[in-house]
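In the working numbering, the protein residues as written are 2 to 147.
Note that CB positions come from ideal geometry on N, CA and C, so glycine has one too.
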Ligand code: AMP
């Protein structure tokens with residue numbers, strides 16, 4: 002098996018050095034293209050319940066997307082990933098990661114995985130969702146909650 006296009010899924014909120022290192026090592030090993038994706042989760046927040054105007058939500062999403070693009074660009078520098086292979090999407094992480102993988106003809110998705118608890122477990126983890134929906138191979142790198 003010779004992977005040609007590897008997609009690294011990055012969540013900025015957790016320690017994911019090991020995931021990044023694995024993706025990079027595999028891309029080097031197979032001489033594959035390495036791409037990167039971050040999904041800004043669009044879990045609906047009932048803003049009206051906080052007394053906020055609907056416009057507030059729109060502005061905040063734009064700002065979050067811009068910041069995510071900047072962070073992804075920073076991340077990509079160290080990994081030598083071209084701008085054309087960096088994607089920031091809005092939506093459900095598992096759906097967007099698998100959609101992008103299909104659209105860009107990725108043959109391996111690399112992402113982290115760790116035991117979930119509480120609300121996150123009820124909602125379902127990203128790694129489980131990607132494993133379920135992806136049409137290509139998926140490598141989940143075990144993360145420790147520390
Ligand atoms: P989780 O299953 O939510 O613990 O997430 C496991 C892995 O999925 C993370 O280590 C990331 O590799 C990836 N991931 C989670 N959330 C996102 C996101 N919003 N955008 C891109 N990748 C994500």
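Item                                                                                                                    : Value
Close Cβ partners of residue 106 (< 7 Å) along its chain, the five nearest in sequence each way excluded                : 6
3 or more residues per run - each beta strand (DSSP E) lying fully within the stretch 65-113                            : 87-92
Expected contact under 8 Å - CB spacing of residue 144 and residue 15 to nearest Å                                      : 7 Å
Closest Cα partner of residue 72 within the set 138, 136, 11                                                            : 11
Nonlocal neighbours in the same chain, by C-beta distance under 8 Å from residue 23, ignoring five residues either side : 111, 140, 142
Counterpart residues of residue 27 in DSSP-defined beta bridges                                                         : Residue 27 pairs with nothing; no bridge assigned.
Residue 127 CB to nearest heavy atom of the ligand AMP below 7 Å                                                        : yes
Proximity below 8 Å, CB of residue 33 to CB of residue 4                                                                : yes
Reduced DSSP category for residue 126 - H, G, I as helix; E, B as strand; rest coil                                     : coil
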